[in-house]
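K.L.:
What follows is a structure written as structure tokens; I'll ask about it next.
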Amino acid sequence: MAAGSALWHPVATGTVAPRGSSKKAAKLATAAREAADVRAFQVDPDVVALRIERLRGWVYRLSWVAIVMGLAFTAVNVQHFAAGDTTRNDPGWWSAWLLDPMVSLILIATLIGEQVIARYQVKPGGWIRRTKWTALAATYAMNTWSAWEVLDPASILLHSVPPVMVLCATEAVTLLGHQITQAVQTACRQAAAQLIDTEPAEPPAPPIDRDALVAEVREEFAGALATVKADLREAVRALSVRPEPRTEEPRTDGRTDPPRTDRTDDPTRTETDQPPTPMDREVFIAEVREQILSAAGRRDRWEPNYPALMGHAGRSRSWVEKAVREARLSVIGDQPRTAITARTPDPEPRTDADPARTQTEGGDHQ
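This is the structure:
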């Protein structure tokens, strides 16, 4: 086995002729790959066992053909011995044909059983061997009785060959069954060992350097710790730049605003909406100024909707109020106050004015 492995080195299935090689070299490389594939299947344990089992089948077929032919030859002699001087009109002549088939069937049944147990290397019992030898001895005696009576050597030899060959075949078939089973097992073991020998051995794992491993773990831990510290600093910086809570300034125009809550009154805004990006102050003042001028052009009075303006600008109320105040002042500074007053309708009489103040103003007019 070792010598065979040394002589027949396995060919890698990926063998490819190098670039620039001749056509002959390329053909040889292709043939080497194909031969390696075929040989890999030929040495497979299952393939080897299948081949031996096929040979077992041929051995059994040929042996059984010879045994049946020998028993058929002896059947005529046994019938002649059993019939004696009877004629075909006598029932005894016909019943004599049943003697040899009876013995032959017993012998065949015994041989089939021996083949089955020999396949699994089970030792047959004593009665199996006795039955087989008794059937063969009876067949030989009935087949050669008439030849021994006249002591005719040629007749004795002629009638002795078939029973003796049947006896040898029955013994050989049983022994061949045992040895073929052993051959299958041996071939499987050898094929498996050959596959193990031809498989490339895996390289041994390199030894573990404990110091290098500890240093690598420390480096990874230090990197993770630095990342966590950076994230914490960013979180603290974000918390420190949060806008301070706005304070309410006293109103001087006498108007009252509806109560404000932490949540905006915009019905289109949901909890999952992202806060808008804060607008630039100049851009916001310019937009408010345009709204004031548009309302004046329509001869209408512009009133600020602070919740909507806060949502649009993304700023606090105090910031929006200051920006609106600057926008109004810029409009008043650009146009004469009288022009704006002329374009705007007279305000409706106020119902929430102070009575004392109204009386005082009436007295002054008087």
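Numbered by the numbering used here, the letters in the sequence shown go through residues 4 to 369 in order.
Each residue gets a CB set at the ideal place from its N, CA and C atoms; glycine is no exception.
So what does DSSP say about K27, is it helix, strand or coil?
P.N.:
It is helical.
K.L.:
What three-state label does DSSP hand M72 in the structure shown?
P.N.:
Of the three classes helix, strand and coil, the one that applies to M72 here is helix, per DSSP.
K.L.:
In the structure shown, what three-state DSSP assignment does S321 receive?
P.N.:
Residue state, collapsed to three classes: helix.
K.L.:
Should the segment 46 to 57 be regarded as contacting the segment 186 to 195, the criterion being three or more beta carbon pairs within less than 8 angstroms?
P.N.:
Segments in contact, yes.
K.L.:
Within 10 Å of its beta-carbon, does Q197 have 16 or more other beta-carbons around it, so buried, or fewer, so exposed?
P.N.:
Buried.
K.L.:
Give the DSSP-derived three-state secondary structure of E293 in the structure shown.
P.N.:
E293 falls in the helix class under three-state DSSP.
K.L.:
Quick one: residues in its chain with C-beta nearer than 6 angstroms to the C-beta of A69, no 5 flanking neighbours on either side, listed in chain order?
P.N.:
Answer for A69: A172, listed in chain order.
K.L.:
Helix, strand or coil: which one does DSSP assign to P270?
P.N.:
Low local confidence applies: a pLDDT of 47 at P270 is under 50, so the model's placement there is unreliable, with the coordinate-based value given in what follows. In this structure, P270 counts as coil in the three-state DSSP scheme.
K.L.:
In the DSSP assignment, find the unbroken alpha helix (DSSP H) run with R236 in it and report its ends.
P.N.:
R236 -> alpha helix (DSSP H) spans 213 to 243.
K.L.:
Using a Cβ-Cβ cut-off of 6 angstroms (strictly less than) and excluding sequence neighbours within five positions of V187, which residues of its own chain qualify?
P.N.:
Correct list, in chain order: A52, I55.
K.L.:
Taking Cβ positions, are G180 and A138 nearer each other than 7 angstroms?
P.N.:
Against a cut-off of 7 angstroms, the Cβ pair of A138 and G180 comes out as no contact.
K.L.:
At a Cβ threshold of 7 angstroms, is I111 touching chain D?
P.N.:
This model lacks chain D altogether; it includes just one protein chain.
K.L.:
I'd like the list of long-range same chain contacts for V327, defined as Cβ closer than 6 angstroms, with 5 residues on each side in sequence excluded.
P.N.:
Answer for V327: V291, P307, listed in chain order.
K.L.:
Pairs of beta-carbons, one from the segment 212 to 226 and one from the segment 60 to 78, closer than 8 angstroms: are there three or more?
P.N.:
No, the segment 212 to 226 does not touch the segment 60 to 78.
K.L.:
So for N146, helix, strand or coil by DSSP?
P.N.:
In the structure shown, N146 sits in a helix (DSSP, three-state: H, G or I).
K.L.:
Hey, G314 and T280: beta-carbon distance below 7 angstroms or not?
P.N.:
Cβ atoms of G314 and T280: not closer than 7 angstroms.
K.L.:
Taking just the CA atoms, how far does R331 sit from A345?
P.N.:
Because A345 carries a pLDDT of 43, less than 50, the predicted location of this residue cannot be relied on, and the following value inherits that uncertainty. Computed Cα separation, rounded: 16 angstroms.
K.L.:
What residue range does the alpha helix (DSSP H) around L154 cover?
P.N.:
Segment: none, L154 is in no alpha helix (DSSP H) and carries neither H nor E.
K.L.:
Kindly confirm or deny that the segment 120 to 135 and the segment 147 to 155 touch, where touching means at least three C-beta pairs closer than 8 angstroms.
P.N.:
Flag = no, the segment 120 to 135 and the segment 147 to 155 do not touch.
K.L.:
Let me know the secondary structure DSSP gives T344 once reduced to three states.
P.N.:
Residue confidence for T344 is low, a pLDDT of 45 falling below 50, so the modelled location carries little weight; the figure read from the coordinates is stated next. The answer is helix: DSSP assigns T344 an H, G or I state.
K.L.:
Assuming contact is defined by CB atoms lying nearer than 7 angstroms, are P165 and G73 in contact in what I supplied?
P.N.:
Against a cut-off of 7 angstroms, the Cβ pair of G73 and P165 comes out as a contact.
K.L.:
Candidates T77, R91, T89: which alpha carbon is nearest L102's?
P.N.:
Considering only alpha carbons, the answer is T77.
K.L.:
Looking at C-alpha atoms only, which residue of P210, S98, T184 is the closest neighbour of G60?
P.N.:
The shortest C-alpha separation from G60 is found at T184.
K.L.:
Cβ of E168 within 7 angstroms of Cβ of F84?
P.N.:
Strictly speaking, residue 168 in this sequence is Met, with Glu absent from that position. Not a contact, by the Cβ cut-off of 7 angstroms.
K.L.:
Using the three-state DSSP reduction, which class does G87 fall into: helix, strand or coil?
P.N.:
Coil.
K.L.:
Does the Cβ-Cβ distance between T33 and E117 come in under 7 angstroms?
P.N.:
Going by C-beta atoms, T33 is not nearer than 7 angstroms to E117.
K.L.:
Taking I288 and S321 to be in contact with their CB atoms under 8 angstroms, please state how far apart those CB atoms are, rounded to whole angstroms.
P.N.:
At roughly 15 angstroms, the Cβ-Cβ gap does not stay under 8 angstroms, so I288 and S321 are not in contact.
K.L.:
For N92, is the classification buried or exposed, using 16 other Cβ atoms within 10 angstroms of its Cβ as the cut-off for buried?
P.N.:
Result: exposed.
K.L.:
DSSP state of Y123, grouped into three classes?
P.N.:
In this structure, Y123 counts as coil in the three-state DSSP scheme.
K.L.:
Is it right to say I115 is buried, meaning 16 or more other beta carbons lie within 10 angstroms of its own, or is it exposed?
P.N.:
I115 comes out exposed.
K.L.:
Roughly how many angstroms separate the alpha carbons of T89 and W97, rounded to a whole number?
P.N.:
T89 and W97: Cα-Cα distance of roughly 10 angstroms.
K.L.:
Check R301 in the structure and name its three-state DSSP category.
P.N.:
Reduced to three states, the DSSP call for R301 is coil.
K.L.:
Given a cut-off of 7 angstroms on the beta-carbon distance, is the pair T142 and V106 in contact?
P.N.:
Taking 7 angstroms as the Cβ cut-off, T142 and V106 qualify as a contacting pair.
K.L.:
Taking all protein chains shown into account, decide if V239 is buried (16 or more other Cβ within 10 angstroms of its Cβ) or exposed.
P.N.:
The residue is exposed, with fewer than 16 neighbouring Cβ atoms inside 10 Å.
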